[in-house]
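Going by the working numbering, the sequence shown opens with residue 46, and the numbers climb by one from there. In this text, a Cβ means the ideal position worked out from N, Cα and C, and glycines have one as well. None of the values given here were measured: they were computed from a predicted structure. The structure under discussion appears below in the form of structure tokens.
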Amino acid sequence: MGDKQKLVARWRASLTRGTGHDSWGQLVEAVDEYQMLSKQVLREASHEATLFNDNQKRTLSKIAACLDLRGKALQSPDSTQGFTLEELKKVDSAFGSLLTSSQSEFPVAMPAEAALFRPQVKQGNFELDLEGDEIDDEDDDEAGTNKGSVTASPGIKPLGKLFPMMPHQKGTTNLVVRIEKIGLKDASMYLDPYIVISLKDNKGIDVAKPQETPVALRREDPYIIYGVDVHLQKPLEKLPKGAAIFFEFRHYKLKKRTISTKCFAFMEMDEIKPGPLVIELYQKPTDFRRKKLSLLTTKPLYLHLYLNLIAD
46 MGDKQKLVAR
56 WRASLTRGTG
66 HDSWGQLVEA
76 VDEYQMLSKQ
86 VLREASHEAT
96 LFNDNQKRTL
106 SKIAACLDLR
116 GKALQSPDST
126 QGFTLEELKK
136 VDSAFGSLLT
146 SSQSEFPVAM
156 PAEAALFRPQ
166 VKQGNFELDL
176 EGDEIDDEDD
186 DEAGTNKGSV
196 TASPGIKPLG
206 KLFPMMPHQK
216 GTTNLVVRIE
226 KIGLKDASMY
236 LDPYIVISLK
246 DNKGIDVAKP
256 QETPVALRRE
266 DPYIIYGVDV
276 HLQKPLEKLP
286 KGAAIFFEFR
296 HYKLKKRTIS
306 TKCFAFMEMD
316 EIKPGPLVIE
326 LYQKPTDFRR
336 KKLSLLTTKP
346 LYLHLYLNLI
356 AD
């Protein structure tokens with residue numbers, strides 16, 4: 046089996062997994078699978094990729110648009126419109142058409158929303174690994190090479206992506222989370238480490254846009270130092286019941302040219318009190334539903350925060 050056949054087979058298996066989750070009502074898992082598959086497909090649809098011809102790349106872009114639209118439909122459960130599961134299942138035949146020399150019609154009518162889809166293919170040959178299925182950190186060869194400097198790792202924003210404080214609304218409380226530091230074994234080995242902060246409801250759906258810290262410059266073993274403020278983009282009083290704030294520690298793996306999630310932590314609403322807070326670290330993959338949690342280590346290594354509540 047050639048490279049193209051193997052790749053298409055993997056994509057079709059991924060689509061089957063995603064639609065399977067979708068059919069069973071496992072919305073978070075389905076959205077994750079669709080997003081991961083869309084990124085993989087778009088890499089091969091980019092101008093630099095050479096495995097597929099131009100017509101096939103147009104098909105790939107349509108497939109990615111369908112995956113994106115179905116993911117958005119799942120994240121808007123109250124909507125009665127949107128790209129359906131049955132429509133997405135038909136996209137499997139579009140993958141099959143990539144292995145033939147003849148050009149065939151796309152299996153579903155592209156909705157008007159697809160015109161708004163703009164592929165965003167990241168530069169560099171790397172994969173965004175949020176599923177925890179890459180090699181162990183000990184297998185990497187970048188240990189000890191970063192010395193606290195920022196490298197030009199593909200896909201990483203050295204200055205982060207943090208939002209300013211929201212205008213205060215009377216009768217509400219704004220939260221500022223200062224990420225002080227994270228304790229990890231072999232803290233000096235992580236290349237371009239940063240933290241993704243996301244606010245999720247109890248089903249794992251985003252309540253606000255995720256944010257990213259700048260890449261950390263300081264190490265004081267066993268700590269990676271951040272010292273940055275994150276402004277929650279919703280007042281506490283307007284958060285849904287059961288919401289939580291997640292912190293995912295990510296870094297760049299030089300050997301695999303991969304952005305990896307090492308571990309995660311989360312803070313539930315009843316933990317929000319002014320002052321310092323220390324929370325536990327859990328093994329990947331990130332479980333936004335908080336159902337199956339495994340501690341990263343039994344050692345006293347934690348994520349250190351400081352909370353500031355701004356009220357009237």
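Where residue i sits in the DSSP three-state scheme
i, result
"D315", "helix"
"L60", "helix"
"K301", "coil"
"L391", "In the structure as shown, the chain begins at 46 and stops at 357. Residue 391 is therefore absent and cannot be evaluated."
"E257", "strand"
"D67", "helix"
"S243", "strand"
"L354", "strand"
"V323", "strand"
"K283", "helix"
"D48", "helix"
Close beta carbons around residue i, own chain, < 7 Å, minus the five adjacent residues each side
i, result
"Y327", "C308, F309, A310, L338, S339, L340 and L341"
"S149", "S142"
"E78", "S59, R62, G63 and H66"
"F208", "Q256, H276 and Q278"
"V76", "G116, L119 and Q120"
"P319", "L352, N353 and L354"
"L284", "V252 and M314"
"Y347", "G228, V323, I324, E325 and L326"
"Q101", "L143"
"K226", "Y268, I269, I270, Y271 and H349"
With 16 other Cβ atoms within 10 Å as the buried cut-off, status of residue i
i, result
"N98", "exposed"
"R295", "buried"
"R263", "exposed"
"V323", "exposed"
"N170", "Caution is warranted here: a pLDDT of 38 is assigned to N170, below 50, making its placement in the model unreliable, and no coordinate value can be reported."
"K254", "exposed"
"T95", "exposed"
"S138", "exposed"
"E293", "buried"
Proximity winner among the options, relative to residue i (alpha-carbon distances)
i, options, result
"L281", "F291, M155, L220 and D237", "L220"
"R88", "V76, T104 and E74", "T104"
"M312", "S305, M155, K84 and F291", "F291"
"F140", "G70, S83 and E225", "S83"
"S243", "V222, A232 and I227", "V222"
"P332", "G47, P212, N247 and D113", "The sequence as given places Asp at residue 332; Pro does not occur at that position. The candidate whose alpha carbon is nearest that of D332 is N247."
"K344", "I224, D231 and D137", "D231"
"C111", "V86, S68 and S91", "V86"
"A288", "T258, P267, I250 and P321", "I250"
"V273", "H349, P212 and A90", "H349"
"R335", "K245, P321 and H213", "K245"
8 Å CB neighbourhood of residue i in its chain, flanking five on each side removed
i, result
"Q50", "L144"
"I317", "L220, L281, L352 and L354"
"L52", "E89 and L96"
Same chain, Cβ closer than 6 Å to residue i, five either side skipped, listed in chain order
i, result
"P153", "The sequence as given places Val at residue 153; Pro does not occur at that position. Cβ within range, chain order: E132 and K135."
"M210", "H276"
"E74", "H66"
- Output the residue ranges of the alpha helix (DSSP H) runs that lie fully inside the stretch 71-154 and measure 4 residues or longer, sorted by chain position. 72-90, 99-119, 130-135 and 137-142
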